[in-house]
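Colleague:
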Amino acid sequence: AGLKTLGAALLLVNLCLLPSANSIICWQTNKENTTDTALTYNEETPGAILPRTCSTGLKNCFAIMYNVKRNRMFRMGCTNEAVMAMNTTKLGRSNMMKLVCTGDYCNQSWAQTPSFMALAISLVLTAYIGLI
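Here the sequence shown stands for residues -11 to 120, numbered as in my numbering.
#1: So, using beta-carbon positions, are C66 and S82 closer together than 8 Å?
#2: Tell me the DSSP bridge mates of V56?
#3: What runs of the beta strand (DSSP E), each 3 residues or longer, lie entirely inside the stretch 10 to 50?
#4: For a test of the three-state rule: what should DSSP assign to A73, helix, strand or coil?
#5: Whose C-beta lies closer than 6 Å to the C-beta of N68 among residues of the same chain, with five residues either side of it excluded?
#6: Using DSSP with H/G/I as helix, E/B as strand and the rest coil, what is C94?
#7: Could you tell me if A70 is buried or exposed, where buried requires 16 or more neighbouring beta carbons within 10 angstroms of its beta carbon?
#8: By Cβ distance, which residues of its chain are closer than 8 Å to Q16, with the 5 residues on each side in sequence left out?
#9: In whole angstroms, give me the CA-to-CA distance for E31 and C94.
#10: Going straight from the alpha carbon of V56 to that of M84, what length do you get?
#11: Could you say which of N48, C89, R58 and S11 lies nearest to A73 if we only look at CA atoms?
#12: What residues in its chain sit with their C-beta under 7 Å from that of S11, if we drop five residues either side in the sequence?
#13: Rounded to whole angstroms, what is the Cα-Cα separation between C49 and F62?
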């Protein structure tokens, strides 16, 4: 009985220490890791980007990028929005790209896909030559 009780106690402690199975971990643009509020950063002077175990109800990660004149702005964090592939919409004289994904750290690799890189390069070049 002693080993069974010890085993059950250890299992209970381990389960209490593990994050919830429903929690997702996203990259978040905020140095305060105690909030789900994502901050918007300028790419040239970004702040901290930390992993965040999302609060209950926030089941997905998101990443947003857009240009303001010649500055690329971005924001990443947790969301309850439905999953969607990279979506580009007109935002003023520029474009906004948004991704909502599921899976731990999924909002990090979106910027490394060839299609996003081609789009990002074209946005930067367009801004550089003064069309935006």
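Quick reminder that beta carbons are idealized off the backbone N, C-alpha and C, glycines included.
Being a predicted model, the structure only gives us computed values, none of them experimental.
Modeller: To lay it out plainly:
#1: no
#2: N59
#3: 13 to 17 and 37 to 41
#4: strand
#5: G45 and L46
#6: coil
#7: exposed
#8: D24, A26, I37, L38, P39, R40, M64, G65 and C66
#9: 19 Å
#10: 10 Å
#11: C89
#12: T41 and C42
#13: 14 Å
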